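Colleague: Going by this note's numbering, the sequence shown runs without a break in its numbering and finishes at 83.
Virtual Cβ for every residue (Gly too), placed ideally from N, Cα, C.
Predicted model, so just to flag it, every value in this text is computed and none were measured.
The structure's right below; bear with me while I get my questions together.
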Amino acid sequence: MSKPFFNFMKLLGNAVRDLAPIILVIAFFQIIVLRQPFPDIGGVLVGMVCVVFGLALFVQGLEMGLFPIGETMAQAMARKGSLPVLLVFAFALGFGTTVAE
């Protein structure tokens, strides 16, 4: 098997690890607290598989596309050493994140 395949399998494993607490809490409340079976368990399982693959692909895209840009920007700002520029950038990033949510 090739290295990209193993890297993607590692990403899938990380996605499962990251989503496991959320899935466990939802299952706990559905089964123990609400005492209700999952409606359409097949659809729920297909949805979970889609979420795992989507998260893995999203993280891969971030690592390939945005993280290198962020590293370059961080190095440039560290070299420049301007506090006002850094504060404006931090504000813009925080504002943009808030608006996106």
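Is it the case that the Cβ atoms of Val28 and Phe20 are separated by a distance below 7 Å?
Modeller: No.
Colleague: Please classify Val15 as buried or exposed, where buried requires at least 16 other C-beta atoms within 10 Å of its C-beta.
Modeller: The residue is exposed, with fewer than 16 neighbouring Cβ atoms inside 10 Å.
Colleague: Take Val(-2) as the anchor and find which of Val31, Gln12, Gly47, Arg17 has the nearest alpha-carbon.
Modeller: The shortest Cα separation from Val(-2) among Val31, Gln12, Gly47, Arg17 belongs to Val31.
Colleague: Consult DSSP for Leu16 and reduce its assignment to one of helix, strand or coil.
Modeller: coil
Colleague: In chain order, what residues of the same chain lie with their CB nearer than 6 Å to the CB of Val70, ignoring the 5 residues before and after it?
Modeller: Around Val70: no qualifying Cβ.
Colleague: Could you round the C-beta distance between Ala38 and Phe(-10) to whole angstroms and report it? I think they count as a contact, below 8 Å.
Modeller: 7 Å
Colleague: Classify Leu(-7): buried if its beta carbon has 16 or more other beta carbons within 10 angstroms, exposed otherwise.
Modeller: buried
Colleague: So which of Arg61, Met55, Ser(-16) has the shortest CA-CA distance to Ala72?
Modeller: Met55
Colleague: Using only the alpha-carbon positions, how far apart do Ala3 and Ile13 sit?
Modeller: Checking the sequence, you will find Pro at residue 3 rather than Ala. Cα-Cα distance, rounded: 15 Å.
Colleague: From the DSSP output, in three-state form, read off Glu53 for me.
Modeller: helix
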